[in-house]
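In what follows, a single structure is set out as C-alpha cells and then discussed.
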Amino acid sequence: MKKLVSITLALGMCVMSAVCASAETEESFGVFPAVAGENGTAYVSLFDTIVTEEWNPLWVDYIGAVMGEDTAPVMAAALQGSVTSDLHGEEAITAFAEGGYAFDCHFINGAQRLTFRDDTVTILKTDGTEETHTYEYLGKYNIGEGETMMYQGTEISMAFPVDVYRSTDEAGEFNYFMMREDTMDTTWHLEFRYGSDLTALQGYMVGPYAYWLAAGIAENADEETIRNVIALFCLENMDYSAHTDSALKQIDSLGFVGSWQADLSPLGEDYASVDLSMTIDAAGHGTTVMNGEQTADFEAFAVDNGEKEDGIGIYVAYSNLDYEAEAAPYTMTVNDAGQTVLTLTADDGTISWVKQEE
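Residue numbers (my numbering): 1 to 358.
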C-alpha cells in the first residue's frame, strides 16, 4: 500500500513529506533500520488488528464515501475477505484455479509477534516459545517476476521489489525475510515474507508461499495510526473509473456541488495575494485554480458518517493526475453571513472554503 498524498491535493497546493534515511544506510541494510526503529519495534498481524467489530464502521465509512452507503457493508466484507484467507501455497493454487483470488496476510509457521531490533528478529510463537536470529542483507530481489492477474478488468504485473535478509544461523522457516518498502512512518504498516527457501519465496502465486504476503502493524499502534491504515487500504482498493449513482447523490445532497472560495486568512500574510478557488460539478468532477492557473483535477466523494444531517463526515478526493486518493474529515456549517462553509482537516493543516452564490 502507498501512503496517501497530502490533503493539499484537495487544496490545489503541494506539500509532501517523507521519512528519509541516509543513502549509506539504505544501501548497506535496506529498509530494516526503518522497520526496527531506534529501540526496536514489535509487530503483530495487521488484519487481525483492524478487521474487528470495533473498527468495521470505519471501513464502511471510507468505502461508503466512494462507492455509496448502500453497498458499503457488503463491499467492506468482500475487501476484508480478500486479504484474510486461510489458504496459501498449493491449497490456494487449487482453490483459485477456476478463477477468483484471496490472499493470506496473516503471520504463518507459528509466528505470533515479530520484533525487529538492530540486525535481529525475535519471533514469539503461538506456543509461547521465542527464538532470535541475526540477519545479513543480501540486496534487492523481485517477487512475482513474470506473474500477472486480472484486477478491475485489467491484466497487471504482480512483480514488486523487496529487500532480502538471510539469517546467519539455521532458522528454518525464518531463514529469509523479504521486506517491502512500507514502514510505520510511511504507510503505517509492513508487508513482508519469510521462509526457508529463497527461490520459492520469489513466487507470488506459485509454489509453497503462493497467495501469501504477511502484513504487520506495530503492537503499540495508537488509534490515529489504525484509522490512517484503514483509510489507506480502503481508498487504494476502490474503483475510481466512474462515480456510482449513490456516490453522486451523496455529494449533491451533502452540498458539495458548486463553486468554493478558499479562506486563506488564517495562513498569514504570505498568502494574502493568493486567490484559490474550487469547483465541483454534478458529475463529481472537481478542479482547483490558484491565481488563474489550474492546480488540481480530481473526482470528489463524501459521506455523512455521523448523526445524519449534522454536517460532519468524510471527504475523499481522487487525483486524475497522480492517480492517488486522499481523505479528510469535513464539517459543513453556516457562518454569520449566511454562507455555507466547508472545512477540511488533516494532519498537515486545516482549510475552509466558502460556497459562492450561483
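Glycine included, C-beta positions come from ideal geometry on N, C-alpha and C. Every value quoted in this text rests on a predicted model; they were computed, and no experiment measured them.
Just curious, the beta strand (DSSP E) that Val-257 is in, first and last residue? Residue 257 sits at position 257 when you count from the first residue of the sequence shown. Neither: Val-257 is in no beta strand (DSSP E) and is coded neither H nor E.
Quick one: is Thr-199 buried, meaning 16 or more other Cβ sit within 10 Å of its Cβ, or exposed? The residue labelled residue 199 in the question sits at position 199 within the sequence shown. Classification for Thr-199: exposed.
Would you tell me roughly how many angstroms separate the C-alpha atoms of Thr-187 and Cys-234, rounded to the nearest one? As a first step, residue 187 is located in the sequence shown; it is residue number 187 there, counting from the start. As a first step, residue 234 is located in the sequence shown; it is residue number 234 there, counting from the start. Each residue's Cα considered, the two are about 13 Å apart.
Is Asn-142 helix, strand or coil when you go by DSSP? Residue mapping note: residue 142 aligns to position 142 of the sequence shown, counting from 1. Here Asn-142 sits in strand by DSSP.
Host beta strand (DSSP E) of Met-150 (start-end): What you label residue 150 is simply residue 150 of the sequence shown in a count that begins at 1. It spans 148-151 - the beta strand (DSSP E) in which Met-150 sits, taken as one unbroken run.
Sort out for me which residues DSSP pairs Arg-113 with in a bridge. For the purposes of this step, residue 113 is identified with residue 113 of the sequence shown, where counting begins at 1. DSSP output for Arg-113 lists Leu-124 as bridge partner(s).
Starting from the Cα of Thr-120, find the closest Cα among Ala-328, Phe-103, Ala-171 and give me that residue. Along the sequence shown, one-based indexing puts residue 120 at 120. Of the candidates Ala-328, Phe-103, Ala-171, the one whose C-alpha sits nearest the C-alpha of Thr-120 is Ala-171.
Is Thr-115 closer than 8 Å to Gly-40 when the C-beta atoms are compared? Here the question's residue 40 lines up with position 40 in the sequence shown. Here the question's residue 115 lines up with position 115 in the sequence shown. Result yes, Cβ atoms of Gly-40 and Thr-115 sit closer than 8 Å.
List the endpoints of the continuous alpha helix (DSSP H) containing Leu-267. As a first step, residue 267 is located in the sequence shown; it is residue number 267 there, counting from the start. Taken as a continuous stretch (DSSP letters only), Leu-267 belongs to no alpha helix (DSSP H), as it is neither H nor E.
Can the beta-carbon of Ala-327 be found less than 8 Å from the beta-carbon of Val-341? Position 327 of the sequence shown holds residue 327. Position 341 of the sequence shown holds residue 341. No. Outside cutoff.
By alpha-carbon positions, which one of His-88, Ile-123, Asp-127 ends up nearest to Val-44? Here residue 44 refers to the residue found at position 44 when the sequence shown is read from its first residue. Looking at the Cα atoms, Ile-123 is the closest of the given residues.
Length of the line joining the Cα atoms of Ala-72 and Ala-296: On the sequence shown, residue 72 is found 72 positions in, with the first residue counted as 1. On the sequence shown, residue 296 is found 296 positions in, with the first residue counted as 1. The straight-line gap from Cα to Cα measures roughly 28 Å.
Beta carbon of Trp-353 nearer than 8 Å to that of Ala-262: Translated into positions along the sequence shown, residue 353 becomes position 353. Translated into positions along the sequence shown, residue 262 becomes position 262. Going by C-beta atoms, Trp-353 is nearer than 8 Å to Ala-262.
From the DSSP output, which residues share a beta bridge with Lys-359? Beyond the ends of the chain as shown, which are 1 and 358, falls residue 359; an answer cannot be given.
Indicate whether Met-290 and Met-67 have their beta-carbon atoms separated by less than 8 Å. Looking up residue 290 in the sequence shown gives position 290. Looking up residue 67 in the sequence shown gives position 67. No. Outside cutoff.
Tyr-101 versus Leu-79: straight-line alpha-carbon distance, rounded: Taking the first residue of the sequence shown as position 1, residue 101 is located at position 101. Taking the first residue of the sequence shown as position 1, residue 79 is located at position 79. Using only the alpha carbons, I get a separation of about 11 Å.
Length of the line joining the Cα atoms of Thr-350 and Thr-343: Residue numbering aside, residue 350 sits at position 350 when the sequence shown is read from its first letter. Residue numbering aside, residue 343 sits at position 343 when the sequence shown is read from its first letter. When rounded, the distance between both Cα atoms is 7 Å.
Helix, strand or coil: how does DSSP classify Tyr-55 here? Working through the sequence shown from its first residue, we reach residue 55 at position 55. Residue identity check: residue 55 is Trp in the sequence provided, not Tyr. Coil, per DSSP.
Going by beta-carbon coordinates alone, are Ala-34 and Thr-183 separated by less than 8 Å? Translated into the one-based positions of the sequence shown, residue 34 becomes position 34. Translated into the one-based positions of the sequence shown, residue 183 becomes position 183. Cβ atoms of Ala-34 and Thr-183: closer than 8 Å.
Do the CB positions of Asp-86 and Asp-104 come within less than 8 Å of each other? The residue labelled residue 86 in the question sits at position 86 within the sequence shown. The residue labelled residue 104 in the question sits at position 104 within the sequence shown. Yes; because the gap between Cβ atoms is below 8 Å, this pair is in contact.
Using only CA atoms, which one of Leu-276, Gly-255, Arg-166, His-106 lies nearest to Asp-197? Position 197 of the sequence shown, counted from the start, is the residue given in the question as residue 197. For the residues Leu-276, Gly-255, Arg-166, His-106, the minimum Cα distance to Asp-197 belongs to Arg-166.
Per DSSP, what kind of secondary structure is Ala-159 in: helix, strand or coil? Taking the sequence shown and counting its residues from 1, one reaches residue 159 at position 159. Coil at Ala-159, not helix or strand.
Do Arg-117 and Glu-219 have their beta-carbon atoms positioned less than 8 Å apart in this structure? For this step, residue 219 is matched to residue 219 along the sequence shown. For this step, residue 117 is matched to residue 117 along the sequence shown. Result no, Cβ atoms of Glu-219 and Arg-117 do not sit closer than 8 Å.
Pair within 8 Å by beta-carbon distance, Val-162 and Leu-138: Translated into positions along the sequence shown, residue 162 becomes position 162. Translated into positions along the sequence shown, residue 138 becomes position 138. No.
Where do the ends of the beta strand (DSSP E) carrying Met-278 lie? For the purposes of this step, residue 278 is identified with residue 278 of the sequence shown, where counting begins at 1. Where Met-278 is concerned, the enclosing beta strand (DSSP E) stretches over 276-280.
Between Asp-48 and Ser-246, which are expected to be in contact by the criterion C-beta below 8 Å, what is the C-beta distance as a whole number of angstroms? Numbered from its first residue, the sequence shown carries residue 48 at position 48. Numbered from its first residue, the sequence shown carries residue 246 at position 246. In fact, because the Cβ distance is near 31 Å, the residues do not count as touching under 8 Å.
Could you give the distance in angstroms between the alpha-carbon of Ile-226 and the alpha-carbon of Ile-50? For the purposes of this step, residue 226 is taken as the residue at position 226 of the sequence shown. For the purposes of this step, residue 50 is taken as the residue at position 50 of the sequence shown. If you take the alpha carbons of Ile-226 and Ile-50, they lie about 7 Å apart.
Look at the Cβ atom of Ala-221, then the Cβ atom of Ala-65, and state whether they are nearer than 8 Å. On the sequence shown, position 221 is the one that residue 221 refers to. On the sequence shown, position 65 is the one that residue 65 refers to. Taking 8 Å as the Cβ cut-off, Ala-221 and Ala-65 do not qualify as a contacting pair.
C-beta contact flag for Ile-108 and Trp-260 at 8 Å: Here residue 108 refers to the residue found at position 108 of the sequence shown. Here residue 260 refers to the residue found at position 260 of the sequence shown. In this structure, Trp-260 does not lie closer than 8 Å to Ile-108 by Cβ.
Does the beta-carbon of Ala-23 have 16 or more other beta-carbons within 10 angstroms, so that it is buried, or is it exposed? The sequence position of residue 23 within the sequence shown is 23, counting from 1. Annotation note: pLDDT 41 at Ala-23 (below 50); position unreliable, coordinate value reported separately. Under this definition Ala-23 is an exposed residue.
Taking buried to mean at least 16 other C-beta atoms within 10 Å of its own C-beta, is Asn-335 buried or exposed? Within the sequence shown, numbered from 1, the residue matching residue 335 stands at position 335. Asn-335 is exposed by the Cβ-count criterion.
Buried or exposed for Lys-355, please, with buried defined as at least 16 other CB atoms from any protein chain shown within 10 angstroms of its CB. One-based indexing of the sequence shown puts residue 355 at position 355. With 16 or more Cβ atoms within 10 Å of its Cβ, Lys-355 is classed as buried.
Phe-32: first and last residue of the uninterrupted alpha helix (DSSP H) it sits in: Looking up residue 32 in the sequence shown gives position 32. Taken as a continuous stretch (DSSP letters only), the alpha helix (DSSP H) holding Phe-32 covers 32-36.
Nearest candidate by alpha-carbon position, reference His-106, set Gly-153, Met-75, Gly-255, Tyr-194: For the purposes of this step, residue 106 is taken as residue 106 along the sequence shown, with counting starting at 1. It is Tyr-194.
So the candidates are Gly-99, Lys-125, Glu-98; which of them puts its Cα closest to the Cα of Ala-111? In the sequence shown, counting from the first residue as 1, residue 111 sits at position 111. Of the candidates Gly-99, Lys-125, Glu-98, the one whose C-alpha sits nearest the C-alpha of Ala-111 is Lys-125.
Rounded to whole angstroms, what is the Cα-Cα separation between Thr-52 and Ile-314? For the purposes of this step, residue 52 is identified with residue 52 of the sequence shown, where counting begins at 1. For the purposes of this step, residue 314 is identified with residue 314 of the sequence shown, where counting begins at 1. C-alpha separation (whole angstroms): 21 Å.
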